[in-house]
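The block underneath contains the structure these notes are about, expressed in structure tokens.
In my numbering, the protein residues as written are 2 to 366.
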């Protein structure tokens, strides 16, 4: 019974195709390709040339995308193309190709139409800030993000010449006006994420356990689930949030390993510039040292572990649903599955981590 309730939460959605933004800012194919199988909102498959070992078992998780993905992505991209100081046309096209807004659409497919854009805007500004910090010292990064945090809280009026400040300020003002409770619940993990981005500890040697604890904030576990709850208008009690913690921790291990395997080359490129906050922060070197094997073999081990965490996900879901099978819990757990699956699909498609994008891998960075 519990499994059927869980499966029913996803539903089927129709894909909507709209014009792209501008002649030189067209969306890459993976963000606009239509999949009409059963009329469902199924993301495109991973390319034949991908970072997955050929003999790896396929994921058992269900990936979906929001039915209004193209419309929302166009809206959010247009906003940032007008508001963010991209250095060149190639940087602007790189931004569009990498698909930050599309990442949220595939991570939060159960979002309400009218709220989807807020989640996309919030995570997009997080990605853009992350790229800015790659070229800063720790002190510069802390100062930069401290001001952004105060703007998010609403305790500091933004400098309108600083996009990171005024975008974050306006976002949270707008979200609080729509749903103060969920916006306030989203604020705390947003702050944790911004603090972790400029944390000098990212450069220190860590055990795998310590690394997972750090990445919970840096990769935005609470930020992603907070966005999901805000965009789906999903209210959870403190008791329910406590109950799902083991599933969230398991989910984050999967998200971390997949992200780190796929983004490792980007991390290496950023580290070459020599800036403190651009230093490599990845589980790949930790696992290479732990296993005593090379990068390729380590990636294979990490993918196998990710597949094992997928099996564990459904075991934990069954345990939780025996204690609480409320509609909110069922929806939340299905949302977590979509986040894990969505992160993997995006990580294998985005030119942010792959050499198969519209621009050459190193262009516009």
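The beta carbon of each residue, even a glycine, is placed where N, CA and C say it ideally should be.
{"Query": "Looking at residue 342: is its Cβ nearer than 8 Å to the Cβ of residue 60?", "Result": "yes"}
{"Query": "How close, in whole Å, do the beta carbons of residue 173 and residue 184 come, if the pair is a contact with beta carbons under 8 Å?", "Result": "6 Å"}
{"Query": "Need the endpoints of the alpha helix (DSSP H) that residue 332 sits in, please.", "Result": "328-350"}
{"Query": "Can you tell me which of 145, 287 and 355 puts its alpha carbon nearest to the alpha carbon of residue 199?", "Result": "145"}
{"Query": "Which residues in the same chain have their Cβ closer than 6 Å to the Cβ of residue 261, if we skip the five residues on either side of it in sequence?", "Result": "283, 284 and 285"}
{"Query": "Looking at C-alpha atoms only, which residue of 70, 127, 337 and 80 is the closest neighbour of residue 115?", "Result": "70"}
{"Query": "Should residue 101 be listed as close to the ligand PLP, given that the test is whether its C-beta is under 7 Å from any heavy atom?", "Result": "No copy of the ligand PLP occurs in the structure displayed, which carries no ligand at all."}
{"Query": "Going by C-alpha to C-alpha distance, which of 355, 305, 82 and 251 sits closest to residue 334?", "Result": "251"}
{"Query": "With a threshold of 6 Å on Cβ separation, who are the neighbours of residue 350 within its own chain once the five nearest residues in sequence on each side are excluded?", "Result": "31"}
{"Query": "Under 8 Å by Cβ, that's how I've got residue 80 and residue 87 pegged, so tell me the actual separation to the nearest angstrom.", "Result": "Incorrect: roughly 13 Å between the Cβ atoms, too far for contact."}
{"Query": "I need the boundaries of the alpha helix (DSSP H) containing residue 98, first residue and last residue.", "Result": "90-99"}
{"Query": "Using CA coordinates, which residue listed in 44, 233 and 154 is at the minimum distance from residue 329?", "Result": "233"}
{"Query": "How do the stretch 303-311 and the stretch 200-217 stand: do at least 3 beta-carbon pairs fall below 8 Å, yes or no?", "Result": "no"}
{"Query": "Restricting to Cα atoms, I'd like to know which of 58, 84, 76 and 106 is closest to residue 344.", "Result": "106"}
{"Query": "Quick check: what's the CA-CA separation for residue 133 versus residue 74?", "Result": "22 Å"}
{"Query": "Using CA atoms only, rank isn't needed, just tell me which of 249, 212 and 239 is closest to residue 287.", "Result": "212"}
{"Query": "By DSSP, does residue 185 sit in helix, in strand, or in coil?", "Result": "helix"}
{"Query": "Cβ of residue 258 within 8 Å of Cβ of residue 289?", "Result": "no"}
{"Query": "Note down, in chain order, each residue of its chain lying with its Cβ closer than 7 Å to the Cβ of residue 25, except the 5 sequence neighbours on either side.", "Result": "At residue 25, the pLDDT of 44 sits below 50, so the modelled position is not reliable; the number obtained from the coordinates is stated separately. Answer for residue 25: 90 and 94, listed in chain order."}
{"Query": "Taking 8 Å as the cut-off, decide whether the C-beta atoms of residue 77 and residue 118 are in contact.", "Result": "yes"}
{"Query": "Thinking C-alpha only, which one of 43, 48, 160 and 54 is nearest residue 306?", "Result": "54"}
{"Query": "Do residue 255 and residue 63 have their C-beta atoms within less than 8 Å of each other?", "Result": "no"}
{"Query": "Threshold first: 4 residues or longer. Then list the alpha helix (DSSP H) segments lying entirely within the stretch 208-255, N to C.", "Result": "209-219, 222-233 and 239-244"}
{"Query": "Using the three-state DSSP reduction, which class does residue 145 fall into: helix, strand or coil?", "Result": "helix"}
{"Query": "Suppose only complete runs of 4+ residues qualify. What are the alpha helix (DSSP H) ranges in the stretch 28-86, listed by chain order?", "Result": "30-33 and 70-84"}
{"Query": "Quick check: the Cα distance between residue 319 and residue 249, rounded to an integer number of angstroms?", "Result": "14 Å"}
{"Query": "Might you give, ordered along the chain, the residues of its own chain that have their beta carbon closer than 6 Å to the beta carbon of residue 238, omitting 5 neighbours on each side?", "Result": "none"}
{"Query": "Under three-state DSSP, which class holds residue 199?", "Result": "coil"}
{"Query": "Comparing alpha-carbon positions, which option in 175, 99 and 49 lies nearest residue 33?", "Result": "99"}
{"Query": "Where do the N-terminal and C-terminal ends of the alpha helix (DSSP H) with residue 353 fall, by residue?", "Result": "Run containing residue 353: none; DSSP gives neither H nor E here."}
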